[in-house]
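Working notes for the structure below.
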Amino acid sequence: MAECHPVGFQWVMEAKARGAKLIHVDPRFTRTSAVADVYVPLRAGSDITFVGALINYVLEQEKYFRDYVVNYTNAPVILTEDFADTEDLDGVFSGFDREHRTYDFRAWRYQGEEVAPASGARGRIAGTGGGQLGQVRRAARGEAHGSGGAAAHPEPDTDETLQHPRCVFQVLKRHFARYTPEMVEQVCGVPPDLFAKVCELVTANSGRERTTSFVYSLGWTQHTVGVQYIRTAAILQALLGNMGRPGGGILALRGHASIQGSTDIPTLFDLLPGYLPMPHAHGNEDLETYAHEESTDKGFWANTKTYMVSLLKAWWGDNATAERDFCYDYLPRLTGSHSTYETVVAQMDGICKGYFLFGQNPAVGSANARMQRLGLANLDWLVVRDMVLIESATWWKRGPEIETGEMRTEDIGTEVFFLPAAAHTEKAGSFTNTQRMLQWHHQAVPPAGDARSDLWFTYHLGRRIRARLAGPAGEMDRPVLDLTWDYPTVGPLAEPDADAVLAEVNGWDADGRPLSAFTQLKDDGSTACGCWIYCGVRAGGVNQAARRKPGREQSWVAPEWGWAWPANRRVLYNRASADTDGKPWSKRKELVWWDEEQGKWAGHDVPDFVADRPPSYRPPAGARGVAALSGIDPFIMQADGKAWLFAPAGLVDGPLPAHYEPQESPVPNLLYGQQHNPVREIIRHQEDRFQPSGDEPGAGVFPYVTTTYRLTEHHTAGGMSRFLPYLAELQPEFFCEVSPELAAERALEHLGWATIITARSAIEARVLITERMRPLTVQGRVLHQVGLPWHWGPEGYTTGDAANELSHLALDPNVHIQEVKAMACDVRAGRRPRGRALRDLVREYQQRAGITDATGTEV
Amino acid sequence: MSADLAGGAAGAPGAGADPARAAGYLEHPPRMGFFTDTSVCIGCKACEVACKEWNAVPEDGLLLTGMSYDNTQGLGASTWRHVAFIEKPADEAGDLRWLMSSDVCKHCTEAACLDVCPTGALMRTEFGTVVVQEDVCNGCGYCIPACPFGVIDQRRDDGRAWKCTLCYDRIGDGLEPACAKACPTDSIQFGPVDELRERAQLRVAELHDAGTEGARLYGADPADGVGGTGAFFLLLDEPEVYGLPPDPVVTTRDLPRIWRHVGVAAAGLAAAGLAACLGRRA
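Note that the protein sequences, when read in sequence, are chains A and B.
All residue numbers for the first sequence refer to my numbering, where the first residue is 16 and numbers rise by one.
All residue numbers for the second sequence refer to my numbering, where the first residue is 19 and numbers rise by one.
What follows is the structure in structure tokens.
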């Protein structure tokens, strides 16, 4: 966190100053480790074993927060008899369709219920999960609904003594029983005494009086089991009673300043604003069907239709009438996964002909950078908007394929447009950070020359397209022409008024008055709201995100700095900070509580609960929606109001996390016979060859683990740092970090050169020998890790090879994220070959490892 | 000439306590300076960048040094904040440690650069800080070897001497220096030197209580060889580990004594000469 979020890290230092203990778990010793109380080096790709063993410790030693677990999680719920765990099936769960590589999660449901999955048709649960349903599943529905997923029946069978052999609690115990400290030593390379220390610190600091917080970033998400990594932490935190409590929870550090905003009001193919699922072509035929299929019976996702109708009104205004299904049919439809990597393949296949890149540099920053460029080379047109000439704009004359001679500039047919972009200081708008907090930024200076903001570009592009389409319109043009597109513009550049856009996002009622809470939204077309979770950001017509009351002038929650969604709540699910009577678990950790006299919830934070619902409330039989939430259902977005230790729906790769080895690993899976995530997503392509793993023949050709990461001095794919002298001089060259032992093994010299090779490509880097990288003992042998910062490319003030030349396209199946945190490689001393010899070297390695188009693609 | 040379032997109490007064300011604000607490430095280098941005200091070399994450190497004419990174291997005392420290001009109480400057370009401000007036400096270079810390240097293309100004153009307007402002963990603290020294003593005690035995202050002692510094540090190890001289002495310290000896020798020589002349006549 100190490396990548130094400003946010000041709060960690503040906590340290107040006595907090900092534990840092990371394959490399970073600037965070330097100030940590405990540093745990572990093998990249082994965290599920580590955190799973923490769970096992908590269960065996009975360190869980029992009252919290019994009442606020689904620990007491009894599962269907059909459920079989990885314990029973050597590494897979019941419902596994090996042929189609999917799970039918009816096999994970609660006893006595039909569980509607978070994805796909409730009324159409196909037997085998192949074909259409498989398509629907693969359409990344894992992200929709924020994963709390759709219905379980509100009243499952439970055993509050937690003894029933098929209750979630007992299933959890059996599942994690093999995640022992010995396993942690063998799989992660973490010695037992160090692991024991972590167990003690974490459990001693959790409970009524104290809470422990977990913070993670891309070291957890960028794996083929990335989502399950986070699930493991969520289970642990729920068992310890740390969720929804101050100083607790799990904080996801994001990869750039407003990427939270880019999932909230998404730039993702599969989501609509506020985590509404993008409708699918096969299913969700009309609004009513969509509402039925995508709603839950209980909780706030029961109002899916309300959020959707309000969104449609924001987009199509007066044209969105009830008779026209509120223009629901104007929305695009998914036919499968259209994630960035599938798009690249579609480009290479000539299906995708045009591409917009807004502040994105895939030629350096996306996995398998080479494939990215091959895709770009096959487009008809490419529009790049950025502040500098990034590699994704110049690959056609200066990219690696030009250097090797594989491509010639004169043969590339892509028409490339480069449009200079305004910086954040040159435009108004908002950032949404990892705390879900929106902070407004004002324009300080106008952009220079032809540079324009993304808002300007998008608005005027839309305006011009609409002007061209005007006239007798065909059906195809109506969705564009019927849009509300009348944002006011300001100044000589006709910059759209960002505040007006925010007003639309916030929403208004039938009389045009700004809304102040999403509970005001209606499904009859009388309200419009561009993003239901952001409703309230402009409450009272005031830009709440622009508030900057200093911390010392308000409470420790500081609600008047910026605005957090939803409803300016700072801690989600904060009902869980109080017991079943509505009293805080302790005075020390009080956050919200039930005020009997006033008949409502009160506290330091905005209560995340129905304001006037007493803790004693129990819903009548047949209650639906929000009315079905009891007074002790803190997790209001979950289908049953409880934290899910066991996830019966929502994730495509299992109701519980299981340790699988990364796609490419030098070691076999010690926990199960199943080596890899059986339903991981694989892009099979001749430009994306995979390496053998574990005990497979040829795995030894790539004996080292490599992990990619960031440096404080640079930013992502380098567009905002490599081109600046002040940053370039701080880290002026691409380097790899290796231990002295690995350097000795491969004759690497400090400040010399090394070539790092995978089945995709080979890159060269300067060598930094450091004891901060240390060899681990994994499964009885010494395992080395090679560290690679991924910021470099051939353009800018400081240039170098891109680490993403090495990476592959095996992805997490829920969210399509690439696995760049744990790969396998070889390292050689010296610079890499140039020209044709580079591809010859890669081919030589592929041959030596026996790599075919099938390697690594098995289940 | 600095106050301590004019007023007598180095270490005279008056000069040490109030360099601005000694430089001739009758009324002046409290002495301002830096307390750099390296125990909370996270090595982010925001200080280096903020300093360059504010002062328009040029980029001064793209070189991968191999000195851990320190590619800046040291203070100079175009580096006025330098973050050092020291990887101390694990030993019997404990695990691997990574020490980080943002170095800066010390703004010494007894400032040799100030003493030797022939043009008066280097001056003591009303805040007790030491500043080069770039429109006066003639590039003679005398100050360069004078500094016991190796801080000040000349720009090759320009010839003049440059160093940290303690953001004289900010603190005069009630702002803190750019580096202090940018530092996210308050490793760099700006304020009246008296207050900072008190705060620093408390911090050292706190660290000792917490078991961090190696914590110590550097530059905070007015009895040291430069009369104490306006920019001082909390280090977690010996100064040499950070590339700092363990016992810095203002390099002009011995000048009065040297000149006295020269004076005595000259007087003696003159007396001997006179005696010889008179003796011959007699």
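We put the CB at the ideal spot given by N, CA and C, even for glycine.
No Cβ of chain A is located within less than 8 Å of the beta carbon of Trp-180 of chain B. Of all residues in the stretch 60-71 of chain B, those with a C-beta nearer than 8 Å to a C-beta of chain A are Ile-60, Gly-61, Cys-62, Lys-63, Ala-64, Glu-66, Val-67, Lys-70, Glu-71, reading in chain order. At least one CB of chain A lies nearer than 8 Å to the CB of Gly-84 of chain B. The C-alpha of Ser-468 of chain A lies about 8 Å from the C-alpha of Pro-462 of chain A. Straight-line spacing of the CA atoms in Leu-606 of chain A and Pro-347 of chain A works out to 42 Å. For the stretch 33-56 of chain A, the beta-carbon criterion of a distance under 8 Å to any beta-carbon of chain B is satisfied by Phe-44, Arg-46, Thr-47, Ser-48, Ala-49, Val-50, Tyr-54.
Think of a sphere of 8 Å around the beta carbon of Asn-89 of chain B: the chain A residues whose beta carbon falls inside it are Glu-744, Leu-745, Gln-746, Pro-747, in chain order. For Gly-79 of chain B, the chain A residues whose Cβ falls inside 9 Å of its Cβ are Glu-744, Pro-747, in order along the chain. Taking the C-beta atoms as reference points, Glu-128 of chain B is found nearer than 8 Å to Val-244 of chain B. For the stretch 524-558 of chain A, not one full-length alpha helix (DSSP H) segment reaches 4 residues or more. Spanning the alpha carbons of Leu-252 of chain B and Val-58 of chain B requires a straight line of approximately 10 Å. For Val-222 of chain B, the closest Cβ of chain A is not nearer than 8 Å. Counting only unbroken stretches of 4 or more residues, the alpha helix (DSSP H) elements lying wholly within the stretch 195-250 of chain A are 207-219, 233-236, in sequence order. Excluding residues up to 5 positions away in sequence, Arg-590, Trp-616 lie with their Cβ nearer than 6 Å to the Cβ of Phe-624 of chain A in the same chain. For the pair of segments examined, the stretch 368-381 of chain A was found not to touch the stretch 319-326 of chain A: the number of CB pairs separated by less than 8 Å stays below three. With three or more CB-CB distances shorter than 8 Å, the stretch 779-796 of chain A counts as touching the stretch 751-769 of chain A. In terms of CA proximity to Glu-421 of chain A, A:Arg-851 leads the group A:Ala-658, A:Cys-342, A:Arg-851, A:Thr-236.
Taking C-beta atoms under 8 Å as the contact rule, Met-50 of chain B and Pro-264 of chain B fail to qualify, at a distance of about 26 Å. Runs of the beta strand (DSSP E) lying entirely within the stretch 54-134 of chain B and spanning at least 3 residues, in chain order: 99-106, 115-122. In terms of Cβ geometry, Val-793 of chain A and Cys-751 of chain A do not form a close pair [threshold 8 Å]. Residues of the stretch 802-830 of chain A with a Cβ closer than 8 Å to any Cβ of chain B, in chain order: Tyr-812, Thr-813. For Thr-355 of chain A, the CB contacts under 7 Å within the same chain, skipping 5 residues up- and downstream, are Ser-381 in chain order. Within the DSSP secondary-structure output, Asp-401 of chain A pairs in a beta bridge with A:Pro-435. With contacts defined by Cβ atoms closer than 8 Å, Glu-29 of chain A and Thr-727 of chain A do not form a contacting pair.
Taking 8 Å as the cut-off between beta carbons, the residues of the stretch 716-732 of chain A near chain B are Leu-726, Thr-727, Glu-728, in sequence order. Taking His-831 of chain A as reference, the option from A:Glu-820, A:Gly-637, A:His-238 with the minimal CA-CA separation is A:His-238.
The criterion of a C-beta distance shorter than 8 Å is not satisfied by Arg-116 of chain A and Pro-630 of chain A. Bounds of any beta strand (DSSP E) do not take in Ala-378 of chain A; it lies within the alpha helix (DSSP H) bounded by 377-380.
Thr-83 of chain B sits exposed, since fewer than 16 C-beta atoms from the chains shown fall within 10 Å of its C-beta. A distance below 8 Å separates the beta carbons of Arg-481 of chain A and Val-495 of chain A. Put simply, the CB of Met-28 of chain A is near chain B, with a gap under 8 Å to one of its CB atoms. Within chain B, Pro-202, Thr-203, Asp-204 have C-beta atoms less than 8 Å from the C-beta of Gln-25 of chain A, given in sequence order. DSSP links Arg-142 of chain B through a beta bridge to B:Val-148. Closest by C-alpha distance to Leu-517 of chain A, out of A:Asp-526, A:Ala-509, A:Ser-531, is A:Ser-531. DSSP, reduced to helix, strand and coil, places His-226 of chain B within a helical segment of the structure shown. Cα atoms of Thr-499 of chain A and Pro-511 of chain A: separation of roughly 14 Å, rounded to the nearest angstrom.
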